[in-house]
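Student:
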Amino acid sequence: MGKIILYIVSIGLILLIGSAIYPYWNRFLITSDLEEAALYCTKHSIADTQRLLSDKIEQRGYIFDPENLYIEKDEDKTVTIGLTYNDKISFFGIVLKELEFSLDVTERYINEVF
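As structure tokens, then:
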């Protein structure tokens, strides 16, 4: 009986740790998508970049308010993309903590000739 309780507690602890890591893993994936979109935007228009980014976000299943996403491009082809979104740590449907993430990514077009 003691081993069964130990197994149940161990499995619950593993699930709790996985639930706590999940929002930070999402942040990593979203940041890499934003970096890719910023690099894409150095050679393409902002409208094309928004389309690419919305497709990636839709593929991953994230839901963001378009007002919280901004894309800026200056005449030197330096692109800044920012996103603010909320995520949560939940365990069996119980929200343990609400998190707010603000991501800013900047990429610059460099034309190197060897």
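Okay, so the sequence shown: first residue is 42 according to the numbering used here, each after it adds one.
We put the CB at the ideal spot given by N, CA and C, even for glycine.
1. Beta-carbon within less than 6 Å of Glu113's beta-carbon, same chain only, minus the 5 sequence neighbours each way: which residues are those?
2. Less than 8 Å between the CB atoms is what I'm expecting for Thr83 and Tyr150, so what's the real figure, rounded?
3. For Asp145, tell me which candidate among Lys129, Ile104 and Glu76 has the shortest Cα-Cα distance.
4. From the DSSP output, read off the bridge partner residues of Tyr103.
5. Of all the beta strand (DSSP E) runs that stay within the bounds of the stretch 112 to 139, which reach a length of 3 or more residues?
6. Using CA coordinates, which residue listed in Ser60, Thr119, Asp128 and Thr90 is at the minimum distance from Ile104?
7. Rounded to whole angstroms, what is the Cα-Cα separation between Val50 and Ile58?
8. Using only CA atoms, which one of Pro64, Ile87, Tyr48 and Ile52 lies nearest to Thr119?
9. According to DSSP, is Thr90 helix, strand or coil?
10. Grouping DSSP H, G and I as helix and E and B as strand, with all else coil, what is Thr83?
11. With a threshold of 7 Å on Cβ separation, who are the neighbours of Asn109 within its own chain once the five nearest residues in sequence on each side are excluded?
Tutor: This is what the structure holds:
1. Thr121
2. 4 Å
3. Glu76
4. In the DSSP output, where bridge partners are listed per residue, Tyr103 has none listed.
5. 119 to 132
6. Nearest Cα to Ile104 within the set Ser60, Thr119, Asp128 and Thr90: Asp128.
7. 12 Å
8. Comparing Cα-Cα distances from Thr119 to each of Pro64, Ile87, Tyr48 and Ile52, the minimum goes to Ile87.
9. helix
10. coil
11. These residues qualify, in order along the chain: Leu124, Thr125 and Tyr126.
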